[in-house]
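Chemist:
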Amino acid sequence: MIDRNASIFVTGHRGMVGSALVRRLEGAGFERVLTAGRKQLDLRDQAAVDQWFDEHRPAYVMHAAGTVGGIHANRSRPADFLYDNLMIHATVLRAAWRTQVQKLLYLGSSCIYPRDCPQPIREEYLLTGPLEKTNDAYAIAKISGLMSCDAYRRQYDCHFIAAMPTNLYGPNDNFDLEGSHVLPALIRKFHDCREAGGGTVTVWGSGSPMREFLHVDDLADACLYLLENYDNPAIINVGTGEDLAIRELAELVREVVYPEAELTFDASMPDGTPRKLLDVSRLHSLGWKARIGLREGIESSYRWFLENAPRGVGAQV
Ligand code: GDP
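Numbering (the working numbering), first residue to last: 517 to 833.
(1) What does the alpha-carbon distance come out to for the pair Ala581 and Asn753?
(2) Using 10 angstroms around the beta-carbon of Gly828, count the other beta-carbons present and answer buried if the total reaches 16, otherwise exposed.
(3) Is any heavy atom of ligand 1 found at a distance shorter than 7 Å from the C-beta of Thr789?
(4) Look at Glu744 and Met578 and say whether their C-beta atoms are less than 8 Å apart.
(5) What three-state label does DSSP hand Ile808 in the structure shown?
(6) Taking 7 Å as the line, does the beta carbon of Ala655 fall inside it for any heavy atom of ligand 3?
(7) Spell out a yes or no on whether the stretch 621-632 and the stretch 678-685 are touching, meaning 3 or more CB-CB pairs, one atom from each, closer than 8 Å.
(8) Pop quiz: Gly813 and His731 are said to be a contact at Cβ under 8 Å. What is the actual Cβ separation, rounded to whole angstroms?
(9) Would you report the Cα separation of Ala657 and Pro646, rounded to the nearest angstrom?
(10) To test your reading of the DSSP string, which unbroken alpha helix (DSSP H) runs of 4 or more residues are found completely within the stretch 645-706?
(11) Rounded to a whole number of angstroms, what is the C-alpha to C-alpha distance between Phe546 and Thr718?
(12) Measuring alpha carbon to alpha carbon, tell me which of Gln556, Glu823, Thr583 ends up nearest Ser696.
(13) Going by CA-CA distance only, name the one from Thr780, Leu602, Gly586, Gly686 that's closest to Asp734.
(14) Would DSSP call Ile518 helix, strand or coil?
(15) Just the Cα atoms here: how many angstroms apart are Leu699 and Arg770?
(16) Any contact of the stretch 536-554 with the stretch 591-603, i.e. 3+ C-beta pairs under 8 Å?
(17) Could you tell me the boundaries of the beta strand (DSSP E) in which Glu778 lies?
(18) With 16 other CB atoms within 10 Å as the buried threshold, where does Ser817 fall?
(19) Could you give the distance in angstroms between the alpha-carbon of Leu740 and the alpha-carbon of Tyr746?
(20) Report the rounded CA-to-CA distance for Asp558 versus Asp787, giving the unit in angstroms.
(21) Going straight from the alpha carbon of Arg593 to that of Arg530, what length do you get?
(22) Once the 5 residues before and after Ala712 are set aside, which same chain residues still bring their CB inside 8 Å of it?
(23) Can you name, in chain order, every residue of its own chain whose Cβ lies under 8 Å from the Cβ of Ala536, other than the five neighbours on each side?
(24) For Asn590, count the other beta carbons within 10 Å of its own beta carbon; 16 or more makes it buried, fewer makes it exposed. Which is it?
(25) What residues are listed by DSSP as bridge partners for Tyr599?
(26) Is Asn690 near ligand 1, judged by its Cβ being under 7 Å from some heavy atom?
(27) Between Arg610, Phe525, Ala563, which has its C-alpha nearest Cys665's C-alpha?
(28) Taking the alpha-carbon positions, what's the Asp708 to Glu640 distance?
(29) Could you tell me which of Met785, Arg727, Gly723, Phe706 sits nearest to Ala777, measuring between CA atoms?
(30) State yes or no: is the C-beta of Trp720 nearer than 7 Å to some heavy atom of ligand 1?
(31) Would you call Glu648 buried or exposed, if buried means 16 or more other Cβ atoms sit within 10 Å of its Cβ?
(32) Determine the burial state of Lys619: buried for a count of at least 16 other Cβ atoms within 10 Å of its Cβ, exposed for fewer.
Set out below in structure tokens:
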């Protein structure tokens with residue numbers, strides 16, 4: 517077990533993943549969880565990152581910062597997604613090596629895998645085929661991040677590990693319809709429909725792509741588990757091992773939020789990759805399994821949305 521007095525730097529702590537990591541670490545008794553706001557530290561700036569690491573000397577790093585978004589955001593802003601995500605890991609990994617951080621956990625994404633690889637996706641399928649076009653820029657940045665973990669390990673014996681989470685959702689998600697992923701977008705759309713007193717919710721694409729969804733609190737639990745129990749150059753998938761069609765997801769969110777809503781599909785919007793189900797046997801064999809069921813997770817996310825979303829996104833606060 518990691519000493520609860522050890523300092524851990526969580527990058528991206530205002531985001532959905534970073535904030536879940538902070539909650540999990542504090543819940544586990546860590547007393548020195550370090551964070552740095554965007555205004556305080558631009559993670560794309562090597563000199564600033566170096567200075568921050570010199571001043572704070574974290575013993576561990578959980579690297580959750582990134583520029584992220586759903587299919588539309590990825591497709592519309594590939595240059596920003598590539599630049600930000602490349603720079604952010606390049607600076608942090610360099611500083612972590614230079615200041616002899618004891619262990620670093622890097623978070624990748626399931627979109628790093630080839631578009632048409634066999635399902636469920638095993639870690640070895642990395643770099644065995646072409647990427648999905650709607651998020652290839654983001655994927656390339658993330659692949660270079662996990663290659664960097666391996667490179668620092670090979671050249672400098674750094675204890676850098678890389679976890680690949682599937683599609684995530686939960687508290688502090690982005691509910692903005694342009695930039696968000698499908699699950700928070702559907703919560704928001706059904707909620708708006710309920711507020712309007714009825715109507716039709718439009719689901720992008722055909723509804724047939726298959727996706728897997730992991731609650732971010734499960735991810736945070738897995739990350740701490742890996743930080744304490746895993747030290748290996750091989751990347752490791754983090755998911756539930758179960759997926760469903762976008763149409764089924766829409767029906768489930770409808771049941772939770774507003775069963776009276778009608779559904780329609782907008783075929784002019786992209787489907788993206790047809791299926792993205794992670795093989796989680798490596799993680800299971802280490803002794804970790806997801807606990808939060810999808811319905812339960814959607815219910816708690818909707819409660820979070822109602823309690824926290826600002827007026828601007830249509831929630832009652
Ligand atoms: P992806 O997993 O990288 O493709 O990212 P998303 O979570 O953005 O999209 C997953 C799937 O859900 C895609 O097939 C989308 O077309 C579909 N989808 C259906 N409705 C929506 C919506 O309102 N927003 C988003 N982002 N995706 C939607």
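Even for Gly, the Cβ is constructed at its ideal location relative to N, Cα and C. Treat the numbers as computed from the prediction; the structure is a model and nothing was measured.
Modeler: Reading from the atomic positions:
(1) By 1-based counting over the sequence shown, the position of residue 581 is 65. By 1-based counting over the sequence shown, the position of residue 753 is 237. Computed Cα separation, rounded: 18 Å.
(2) Within the sequence shown, the letter at position 312 stands for residue 828. Confidence at Gly828 is low in this model, with a pLDDT of 42, below 50, so the placement of that residue should be treated as unreliable; the coordinate-derived value is given next. By the 10 Å Cβ count, Gly828 comes out exposed.
(3) Taking the sequence shown and counting its residues from 1, one reaches residue 789 at position 273. Checking the Cβ of Thr789 against ligand 1 gives yes.
(4) Taking the first residue of the sequence shown as position 1, residue 744 is located at position 228. Taking the first residue of the sequence shown as position 1, residue 578 is located at position 62. No.
(5) The count along the sequence shown starts at 1 and reaches residue 808 at position 292. Coil.
(6) Absence of ligand 3 from the depicted structure is noted, with ligand 1 being the only ligands included.
(7) yes
(8) Numbered from its first residue, the sequence shown carries residue 813 at position 297. Numbered from its first residue, the sequence shown carries residue 731 at position 215. Rounded, the Cβ-Cβ distance is 4 Å, consistent with contact.
(9) Here residue 657 refers to the residue found at position 141 when the sequence shown is read from its first residue. Here residue 646 refers to the residue found at position 130 when the sequence shown is read from its first residue. Each residue's alpha carbon lies about 15 Å from the other.
(10) 652-672
(11) On the sequence shown, position 30 is the one that residue 546 refers to. On the sequence shown, position 202 is the one that residue 718 refers to. Using only the alpha carbons, I get a separation of about 44 Å.
(12) What you label residue 696 is simply residue 180 of the sequence shown in a count that begins at 1. Considering only alpha carbons, the answer is Thr583.
(13) Counting from one through the sequence shown, the residue named residue 734 turns up at place 218. Checked all of Thr780, Leu602, Gly586, Gly686; the closest Cα to Asp734 is Gly686.
(14) Translated into positions along the sequence shown, residue 518 becomes position 2. The answer is coil: DSSP assigns Ile518 none of H, G, I, E or B.
(15) Your numbering for residue 699 matches position 183 in the sequence shown. Your numbering for residue 770 matches position 254 in the sequence shown. Taking the straight line joining both Cα atoms gives about 11 Å.
(16) no
(17) In the sequence shown, residue 778 corresponds to position 262, counting from 1. First-last of the beta strand (DSSP E) with Glu778: 778-782.
(18) Along the sequence shown, read from residue 1 onward, the residue named residue 817 stands at position 301. By the neighbour-count rule (16 or more Cβ atoms within 10 Å), Ser817 is buried.
(19) For the purposes of this step, residue 740 is identified with residue 224 of the sequence shown, where counting begins at 1. For the purposes of this step, residue 746 is identified with residue 230 of the sequence shown, where counting begins at 1. Distance between the alpha carbons of Leu740 and Tyr746 is about 10 Å.
(20) The sequence position of residue 558 within the sequence shown is 42, counting from 1. The sequence position of residue 787 within the sequence shown is 271, counting from 1. Rounded to the nearest angstrom, the two C-alpha atoms are 34 Å apart.
(21) For the purposes of this step, residue 593 is identified with residue 77 of the sequence shown, where counting begins at 1. For the purposes of this step, residue 530 is identified with residue 14 of the sequence shown, where counting begins at 1. The straight-line gap from Cα to Cα measures roughly 21 Å.
(22) Reading the sequence shown from its first residue, position 196 is the one you call residue 712. Cβ neighbours of Ala712 beyond the five flanking positions: none.
(23) Taking the first residue of the sequence shown as position 1, residue 536 is located at position 20. Counting only Cβ-Cβ distances below 8 Å, and skipping sequence neighbours, we find Gly686, Pro687, Asn688, Val732, Asp733, Leu735, Ala736.
(24) Along the sequence shown, read from residue 1 onward, the residue named residue 590 stands at position 74. It is buried - the Cβ of Asn590 has at least 16 other Cβ atoms within 10 Å.
(25) Taking the sequence shown and counting its residues from 1, the one referred to as residue 599 is at position 83. DSSP lists no partner for Tyr599.
(26) Start at 1 with the first residue of the sequence shown, and residue 690 comes out as number 174. Result no, Cβ not under 7 Å from ligand 1.
(27) In the sequence shown, residue 665 corresponds to position 149, counting from 1. Among Arg610, Phe525, Ala563, the Cα nearest to that of Cys665 belongs to Arg610.
(28) Start at 1 with the first residue of the sequence shown, and residue 708 comes out as number 192. Start at 1 with the first residue of the sequence shown, and residue 640 comes out as number 124. If I take the Cα positions, the gap works out to 42 Å.
(29) Position 261 of the sequence shown holds residue 777. Ranking the options by Cα distance to Ala777, first place goes to Phe706.
(30) The residue you call residue 720 lines up with position 204 of the sequence shown. At least one heavy atom of ligand 1 is nearer than 7 Å to the Cβ of Trp720, so yes.
(31) Start at 1 with the first residue of the sequence shown, and residue 648 comes out as number 132. Flag for Glu648 reads buried.
(32) The sequence position of residue 619 within the sequence shown is 103, counting from 1. So Lys619 ends up on the buried side.
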